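Below you'll find the structure, written out as structure tokens, and then a few comments.
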Amino acid sequence: MQLLSQLKIGQQAVISAIEADETLFHRLSALGFRVGKPLSIIRQANFSGPLQVRLGTTDVILRSTEAARIRINTHST
Amino acid sequence: MKRIALLGMPNTGKSTLFNRISGASARVGNWPGITVDLMSAKILIGGHIAELIDLPGIYDLHGFSEDEQVVRHFLASNAVDLVIILLNSSQIDRQLSLVLQIKKLNLPSVLALNMADEAKQTGITIDTENLAKALKMPVLQISAKYGDGLPKALQAATVIINQNLPASDPQVISKLLQEDNQIEQEMDALIQNNVQIPTTFTDSTTDKIDKILLHKWLGLPLFFAAMFALFQFIFTVGKPLQDGLAWALQLLRTGMLEPLFASSPAWLSGLMLDGVYNGVSTVAAFVPIIVLFFLVMAMVEDSGYLSRAAFLMDALMARMGLDGRGFVMMLMGFGCNVPALMGTRIMRSRPMRLLTMLVIPLSLCSARLQVFIFMITALFTAKQAPFVLFSLYVMSFLTMFITAVLFQGQYKNSEPFILELPPYRFPTLRQIILRGWQEVKHFLTRASKFIVIGVVLVWALTNFPSNVPPASIGTFAGQIGTLFAPILDPLGINSQLAIALIFGFVAKEIVVGALAVIYGLQGDALMTQMATQIDWVQAMSFMLFTLIYTPCLSTIATLKNESKSSAFMWLSIAWSLGLAWVVSFVFYQGARWLGY
Numbered sequence: 742m743q744l745l746s747q748l749k750i751g752q753q754a755v756i757s758a759i760e761a762d763e764t765l766f767h768r769l770s771a772l773g774f775r776v777g778k779p780l781s782i783i784r785q786a787n788f789s790g791p792l793q794v795r796l797g798t799t800d801v802i803l804r805s806t807e808a809a810r811i812r813i814n815t816h817s818t
Numbered sequence: 135m136k137r138i139a140l141l142g143m144p145n146t147g148k149s150t151l152f153n154r155i156s157g158a159s160a161r162v163g164n165w166p167g168i169t170v171d172l173m174s175a176k177i178l179i180g181g182h183i184a185e186l187i188d189l190p191g192i193y194d195l196h197g198f199s200e201d202e203q204v205v206r207h208f209l210a211s212n213a214v215d216l217v218i219i220l221l222n223s224s225q226i227d228r229q230l231s232l233v234l235q236i237k238k239l240n241l242p243s244v245l246a247l248n249m250a251d252e253a254k255q256t257g258i259t260i261d262t263e264n265l266a267k268a269l270k271m272p273v274l275q276i277s278a279k280y281g282d283g284l285p286k287a288l289q290a291a292t293v294i295i296n297q298n299l300p301a302s303d304p305q306v307i308s309k310l311l312q313e314d315n316q317i318e319q320e321m322d323a324l325i326q327n328n329v330q331i332p333t334t335f336t337d338s339t340t341d342k343i344d345k346i347l348l349h350k351w352l353g354l355p356l357f358f359a360a361m362f363a364l365f366q367f368i369f370t371v372g373k374p375l376q377d378g379l380a381w382a383l384q385l386l387r388t389g390m391l392e393p394l395f396a397s398s399p400a401w402l403s404g405l406m407l408d409g410v411y412n413g414v415s416t417v418a419a420f421v422p423i424i425v426l427f428f429l430v431m432a433m434v435e436d437s438g439y440l441s442r443a444a445f446l447m448d449a450l451m452a453r454m455g456l457d458g459r460g461f462v463m464m465l466m467g468f469g470c471n472v473p474a475l476m477g478t479r480i481m482r483s484r485p486m487r488l489l490t491m492l493v494i495p496l497s498l499c500s501a502r503l504q505v506f507i508f509m510i511t512a513l514f515t516a517k518q519a520p521f522v523l524f525s526l527y528v529m530s531f532l533t534m535f536i537t538a539v540l541f542q543g544q545y546k547n548s549e550p551f552i553l554e555l556p557p558y559r560f561p562t563l564r565q566i567i568l569r570g571w572q573e574v575k576h577f578l579t580r581a582s583k584f585i586v587i588g589v590v591l592v593w594a595l596t597n598f599p600s601n602v603p604p605a606s607i608g609t610f611a612g613q614i615g616t617l618f619a620p621i622l623d624p625l626g627i628n629s630q631l632a633i634a635l636i637f638g639f640v641a642k643e644i645v646v647g648a649l650a651v652i653y654g655l656q657g658d659a660l661m662t663q664m665a666t667q668i669d670w671v672q673a674m675s676f677m678l679f680t681l682i683y684t685p686c687l688s689t690i691a692t693l694k695n696e697s698k699s700s701a702f703m704w705l706s707i708a709w710s711l712g713l714a715w716v717v718s719f720v721f722y723q724g725a726r727w728l729g730y
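Pasting the structure below:
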């Protein structure tokens, strides 16, 4: 179990839990963040800027603070 | 009259579809239950005249953001006969939730799956017939951009409209909106049974472009280089057009209007020619540049590059208490501050929204651009011009950053920053032209409202009392100028420029027109005259003041409406006036001290 903010660029993972208040939870789920969904990190902007996360067909950008609310399981290779 | 609502998530091409169906007949209107304006258009559908309303793009009906509230209140206060739901085909897996929410309200609906072309390219296939059966509503794949599938979708809408079902009952809708559950499960089942999505999804073109444009070190320099190139392009292409139009307008005056007014009384020909015609034609000469500017802005906006700018700038913006979306609003403000202020509705935290609204009026809007192009052409060489203009854009950013840094302590917030990154899209020629036309229309309305009244007032102030020479110190304008002299003299702003600044408070479009009236000249003659009256240091000081002080009355009204606070509005006015004075003072005195 890991946080999305700790995931390395290019690595695949599956969402295992979202720990956020109702508003943030809603916003995340509207953009496709749901338990069981696979995702990966494409890149991070400079100066510890936001992460670009790919979920299925959608690319989403979010800050590390928000990414730290999302728990993930990395695939065992 | 039938009423059709157009509804969908952000970035699904809703406005494109709206423009395509309505042509250019759209207008802005007020609706019961909501305080914001919505675009609507009258269209002919199946022998009925129907009103098509473009609702704001929303992620769901739960009503956490202001746009979502707007849609809820609209549906709960207005009867509708049909809802056209627009989704992005390639994101159907998560967007379908919105359809199910609408379905729960028992509203007659048509589901249009947009961007069918993009979905096809990525290998997504949708069984529309089966999906239609499961949803119990017509499902059609369309491309709003190219118009593919649109006749079929309208046909489906016509069938429903012709059934003459009773319109929705706002009270029932209001009740139903309170309860929405189970949607997630229903959605997953529908997707699993009807949609096939390849497991490895990559839009390779977008990825390739992003590798360069979102590069760790190259991204930001490339962004600013691209912006500079665009402004350079606008200037190089727009200038000859502007000169041509100014020449034609001058020709019209000498060839037709002067003989026409030759026999009328001096005051009438003065008012019409030196007042109205000089003022309006000087402003009108800028229309080509402004249209060009909006065309370029529309292209950048529709391309998906703005979300990338938000990604690149967020880290820096976070240090000022703002986020990447705030940066995008600043860029939108380059077109017009008013829509940029309204765009802050996507922010949920009030402190962040207020902080963003405090900085937006400092962005160099297209009306200020007119003033700058005029002054720069009059006082700088063609070689210097792009650099002077670019320095004003830099200055605009600097004042915004300073403001945010100084006020961020007052507006602390913990607003999350989450944003979708759409694939790059190229707008079609039709989209661009429609957008350009809307801007011209907008400009002409403003022109008729403010500019004509403004220039007539300026003419009256500079020509009365009639026993002194026009525009001299004895006229009303001269007296006002003298009144403000103690404040504006230290900035190198003379009494003629002061009058223009006062009228600029109403709208910056008046400034250039006012100068034309004050000097009683237009076109090249006006510029030559200005160049003999003031030097470049004074011009720069005047431009800095124009850049920073309150943009226009519309912006002030929007500030008050959006913040719902007069105190905030006054803070914004006082801050911008104060900052404008200090910056101009430092620049003017500094330059003089250095010997310029």
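Chains as they are written, first to last, in this note's numbering: chain R, 742 to 818; chain D, 135 to 730.
We put the beta carbon where it would ideally sit given N, CA and C, even for glycine.
Owing to the predicted nature of the structure, the values given are computational and were not obtained by experimental measurement.
- Remark: C-beta atoms of residue 510(D) and residue 523(D) approach each other more closely than 8 Å.
- In the DSSP annotation of this structure, the continuous segment of the alpha helix (DSSP H) that includes residue 412(D) starts and ends at 412-418.
- Interface with chain D (8 Å Cβ-Cβ cutoff): residue 789(R) is included.
- Between residue 221(D) and residue 248(D), the C-beta gap is smaller than 8 Å, which places the two residues in contact.
- The bridge partners DSSP lists for residue 695(D) come to none.
- Distance from the Cα of residue 279(D) is smallest, within the candidate group 154(D), 347(D), 329(D), for 154(D).
- Excluding residues up to 5 positions away in sequence, 558 lie with their Cβ nearer than 7 Å to the Cβ of residue 343(D) in the same chain.
- Taking a cut-off of 8 Å on C-beta distances, the stretch 599-608 of chain D does not touch the stretch 438-452 of chain D, as fewer than three cross pairs fall below it.
- Beta-bridge pairing by DSSP links residue 392(D) to no other residue.
- The alpha-carbon separation between residue 366(D) and residue 599(D) amounts to approximately 45 Å.
- Using a CB distance cut-off of 8 Å, residue 793(R) counts as an interface residue toward chain D.
- The DSSP assignment places complete beta strand (DSSP E) segments of no fewer than 3 residues inside the stretch 541-602 of chain D at 552-554, in order along the chain.
- Within 10 angstroms of the beta-carbon of residue 390(D) lie fewer than 16 other beta-carbons, which makes it exposed.
- Taking the Cα of residue 174(D) as reference, the smallest distance to any Cα among 151(D), 373(D), 242(D) is reached at 151(D).
- Boundaries of the beta strand (DSSP E) harbouring residue 757(R): 753-759, taken from the DSSP string.
- By the criterion of at least three beta-carbon pairs nearer than 8 Å, the stretch 185-202 of chain D is not in contact with the stretch 803-815 of chain R.
- In this structure residue 455(D) is not in contact with residue 326(D), their Cβ atoms being roughly 44 Å apart against a cut-off of 8 Å.
- Using a Cβ-Cβ cut-off of 8 Å, residue 449(D) is close to 786, 787, 788, 789, 790, 791 of chain R, given in chain order.
- For residue 779(R), the secondary structure class from DSSP, reduced to helix, strand or coil, is strand.
- Bridge partners of residue 793(R) according to DSSP: 784(R), 802(R).
- Residue 136(D) sits in a strand when the DSSP states are folded into three classes.
- The beta-bridge partner set that DSSP reports for residue 812(R) consists of 744(R), 758(R).
- In terms of Cβ geometry, residue 503(D) and residue 534(D) do not form a close pair [threshold 8 Å].
- By the C-beta density criterion, residue 532(D) is exposed, having fewer than 16 other C-beta atoms within 10 angstroms.
- Residue contact with chain R for residue 228(D): present (Cβ-Cβ distance below 8 Å to some residue of chain R).
- Here residue 467(D) has 474, 494, 497, 499 as same chain residues with Cβ atoms under 7 Å from its own Cβ, once five neighbours each way along the sequence are excluded.
- The shortest C-alpha to C-alpha distance from residue 480(D) to any of 552(D), 465(D), 539(D), 546(D) is the one to 552(D).
- For residue 765(R), the residues of chain D that pass the 7 Å Cβ criterion are 550, in the order they occur in the chain.
- The shortest C-alpha to C-alpha distance from residue 381(D) to any of 395(D), 632(D), 658(D) is the one to 658(D).
- Annotation: Cβ neighbours of residue 224(D) in chain R (cutoff 7 Å, chain order): 798.
- The beta carbons of residue 428(D) and residue 573(D) sit closer together than 8 Å.
- For residue 182(D), the secondary structure class from DSSP, reduced to helix, strand or coil, is strand.
- Among the CB atoms of chain D, none fall inside 8 Å of the CB of residue 751(R).
- Between the stretch 669-684 of chain D and the stretch 707-718 of chain D, the count of C-beta pairs closer than 8 Å reaches three or more; the two stretches touch.
- Taking residue 148(D) as the centre and dropping the five residues before and after it, the same chain places the C-beta of 140, 142, 188, 191, 220 closer than 7 Å to its C-beta, in chain order.
- Identification of chain D residues near residue 754(R) by a Cβ-Cβ cut-off of 7 Å yields none; the smallest Cβ-Cβ distance measures about 15 Å.
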